């Protein structure tokens, strides 16, 4: 029989070094959770001054060591510089959270009927499609590739890829008219579905090296969206509410970044209040 391990020990990240891309919103939540569990955290933004400001705020909030690193997640050379900086400072990287992403809509619709989500095939600019794929999917590939050699050498590592429920189900377009918000364009959905299956593929290939690769698919989180949209969205959620920043994501980060998930590989952990369970 195996020796008992206290569950608090499983979640302890003291001495671990983590890199979190995209230090706002869910990225901030992820970095905050890791710092609260004892990890030293590097948080990235596209501009160094923004990364430093985010790091300073996190350090103040958590009392942990947090550093800011400049990173453009779609640029492999930028990844190399960022990882080299982290390795040069701490000599290792234990945890990577691939959180940064986005979408680009060059043609802003005047009415809901003109929205690119409704006329996607006819109106979507190819450069916007490519931007979204690079920001959400290529960035994850580059991140995994950049840290894997160091994790392989240590025979240890945790990689968390931020996907989305948009990679599981299509957007319910009925909740948008009159809400003041535009639906997510389908290429965003395609890119997040790609993250989920890239996680599975990379997960099984890196598992023999002691590296655990998993994904998280968050649902909608409340950020002062228009009241009509919040009302429409929460009707779709069995819990009857949107996600809460600085609360509802942190448990999943703690699990997948720690020893508590040492028998979990290639999994997509859905944090959506039950929306995709209907």
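Residue numbers (our numbering): 2 to 279.
Backbone N, C-alpha and C define an ideal beta-carbon position, used for all residues, glycine too.
Predicted model only: the values in this text are computed from it and were never measured.
Secondary structure in the stretch 116–184: the beta strand (DSSP E) runs of 3 residues or longer, each lying completely within the stretch, are 158–163 in chain order. The alpha helix (DSSP H) runs of length 4 or more contained entirely in the stretch 52–120 are, from start to end of the chain, 77–91. Within its own chain, the residues whose Cβ lies closer than 6 Å to the Cβ of residue 28, once the five positions on either side in sequence are excluded, are 21 and 100, listed in chain order. For the 8 Å CB-CB criterion, residue 233 and residue 180 form a contact.
Each of 211, 224, 176 and 42 was checked against the Cα of residue 97, and the nearest Cα belongs to 42. Membership of residue 22 in the beta strand (DSSP E) is indicated by the continuous run 18–22.
Under the DSSP assignment, residue 212 falls outside any alpha helix (DSSP H), being part of the beta strand (DSSP E) whose first and last residues are 212–219.
Burial state of residue 52 is buried, judged by a 10 Å Cβ sphere holding 16 or more other Cβ atoms.
Look at residue 203 here: in three-state DSSP terms it is helix.
The Cβ atoms of residue 152 and residue 188 do not sit closer than 8 Å to each other. Per DSSP, the unbroken alpha helix (DSSP H) holding residue 27 starts and ends at 27–37. Within the DSSP bridge table, the entry for residue 222 names 244 as partners. The C-alpha of residue 218 lies about 26 Å from the C-alpha of residue 58. A straight-line Cα-Cα distance of about 24 Å links residue 142 and residue 33. Beta-bridge analysis with DSSP links residue 43 to 20 and 68. If you check the CB distance, residue 210 and residue 156 come in under 8 Å.
Within the same chain, Cβ atoms closer than 8 Å to the Cβ of residue 182 are found at 226, 227 and 230, the five residues on either side in sequence being excluded.
Within the same chain, 44, 67, 68 and 69 come within 6 Å of residue 56 by CB-CB distance, once the 5 residues on both sides are set aside. Taking a cut-off of 8 Å on C-beta distances, the stretch 198–206 touches the stretch 265–279, as three or more cross pairs fall below it. Sequence-distant partners of residue 102 (beyond 5 residues in either direction) whose C-beta falls short of 6 Å from its own C-beta, in its chain, are 136 and 137. Here residue 243 is buried, its C-beta having at least 16 other C-beta atoms within 10 Å. Rounded to whole angstroms, the Cβ separation of residue 12 and residue 259 is 5 Å, and the two are in contact under 8 Å. Annotation: the continuous beta strand (DSSP E) that includes residue 269 extends over 269–272.
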